[in-house]
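In our numbering, each number is its position in the sequence shown, counted from 1, plus 4.
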Amino acid sequence: MITLALSKGRIFDETLPLLAAAGIAVDASIGASRKLILPTGDPDLRLIIVRASDVPTYVQYGAADLGVAGKDVLLEHSGEGLYQPVDLGIARCRMSVAAPAGFRYAEAVRPGARLRIATKYLQVAREHFAATGRQVEVVKVNGSVELAPLVGLAHGIVDLVATGRTLRENGLVEREQIFDSSARLIANRASLSLRADEIGPLVERMARAVDR
Ligand code: PRT
Ligand code: MG
Numbered sequence: 005m006i007t008l009a010l011s012k013g014r015i016f017d018e019t020l021p022l023l024a025a026a027g028i029a030v031d032a033s034i035g036a037s038r039k040l041i042l043p044t045g046d047p048d049l050r051l052i053i054v055r056a057s058d059v060p061t062y063v064q065y066g067a068a069d070l071g072v073a074g075k076d077v078l079l080e081h082s083g084e085g086l087y088q089p090v091d092l093g094i095a096r097c098r099m100s101v102a103a104p105a106g107f108r109y110a111e112a113v114r115p116g117a118r119l120r121i122a123t124k125y126l127q128v129a130r131e132h133f134a135a136t137g138r139q140v141e142v143v144k145v146n147g148s149v150e151l152a153p154l155v156g157l158a159h160g161i162v163d164l165v166a167t168g169r170t171l172r173e174n175g176l177v178e179r180e181q182i183f184d185s186s187a188r189l190i191a192n193r194a195s196l197s198l199r200a201d202e203i204g205p206l207v208e209r210m211a212r213a214v215d216r
């Protein structure tokens, strides 16, 4: 049995068509179920439903052989014991720095100035500013990140942007783009080498589904 870890929402919704193209039917209505272990049309493949940021953890510990996780999640996670065989090209977005429209960002990020940034992505934010020689104070929030600069928790945010609608509706403007993100198929290194004949073909079929 192969176990594939997915998160509900866009990752689940965008992975199903790839599985279908790889010959694995999944009943889409199953997404509405509260069950956390779901069967697929392939008796040797099951899905488990976990929080997006927990996908690498399940795969790292071998509780799942495979998983689908955004580049954002993988950069934030240590990534040890993980293999990233396929860029699935789904759940596309970008990691950006944003601040309120009226905020004098250029002045605030000068070396020596102290900018406070709210984000769910502590590592990404710290590394980005450190790599560009700027000191910032990073405050961790777990959601509604766009609110932070509106009420004075921080001057700006580091967060994912897709259409830009969330920023716009909250009066924020993108100031820097850090990287483009898409979701990757990830594999437990040990599973992949010890059970290569079982897991390898599925990985290949997924890779071919992406190329179509
Ligand atoms: O939602 P939950 O707190 O349970 O977990 P999660 O946010 O980690 O999961 P989910 O399902 O929302 O996102 C899973 C993955 O999808 C992320 O790890 C990204 O790799 C990818 N992805 C792609 C996105 C977006 N696009 C996206 N737009 N993840 C989040 N967003 C959010 C963003 O944080 C912001 O709040 O959507 C808002 C911006 O969207 P626009 O379209 O208004 O710009
Ligand atoms: Mg979300």
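We treat Cβ as the ideally placed atom computed from N, Cα and C, and that holds for glycine.
Thinking C-beta only, is residue j closer than 8 Å to residue i?
i, j, result
"Leu86", "Leu8", "no"
"Arg120", "Val165", "no"
"Arg199", "Tyr109", "no"
"Glu84", "Gln64", "yes"
"Gly66", "Ser195", "yes"
"Ile161", "Thr123", "yes"
"Met26", "Arg169", "A small fix is needed here, since residue 26 is Ala in this sequence, not Met. Cβ distance not < 8 Å, so Ala26 and Arg169 don't count as in contact."
"Leu171", "Ala102", "yes"
"Val207", "Ala191", "yes"
Taking the straight line between their C-alpha atoms, what separation do you get for residue i and residue j?
i, j, result
"Val77", "Glu111", "30 Å"
"Ser100", "Ala211", "28 Å"
"Leu42", "Leu22", "17 Å"
"Lys232", "Asp201", "For residue 232 there is no data in the structure shown, the boundaries of the chain being 5 and 216."
"Leu151", "Arg118", "20 Å"
"Val30", "Asp184", "29 Å"
"Gly45", "Pro60", "24 Å"
"Ala32", "Leu49", "16 Å"
Just verifying my parser: in three-state terms, what is the DSSP assignment at residue i?
i, result
"Pro60", "helix"
"Arg55", "coil"
"Leu198", "helix"
"Ile203", "helix"
"Gly35", "helix"
"Thr7", "strand"
"Lys75", "helix"
"Tyr125", "coil"
"Asp215", "helix"
"Leu86", "strand"
Between residue i and the ligand PRT, is there a pair consisting of the residue's CB and a ligand heavy atom that are separated by less than 7 Å?
i, result
"Ile182", "no"
"Gly74", "yes"
"Arg38", "no"
"Ala105", "no"
"Ala110", "no"
"Gly13", "yes"
"Ser57", "yes"
"Thr123", "no"
"Leu171", "yes"
"Val165", "yes"
"Ser185", "yes"
"Gly147", "yes"
"Val77", "yes"
"Gly85", "no"
"Arg179", "no"
"Gly204", "no"
Check whether the Cβ of residue i lies closer than 8 Å to any Cβ atom in chain B.
i, result
"Leu40", "The chain labelled as chain B is not found in the depicted structure, where only one protein chain is given."
Given 8 Å as the limit, is there contact between the region 11–31 and the region 45–54, that is, 3 or more CB pairs closer than that? Contact between the region 11–31 and the region 45–54 is present, because at least three Cβ pairs lie under 8 Å.
Stretch pair the region 87–94 + the region 133–151: three plus CB contacts closer than 8 Å: No, because fewer than three Cβ pairs between the region 87–94 and the region 133–151 fall closer than 8 Å, the two stretches do not touch.
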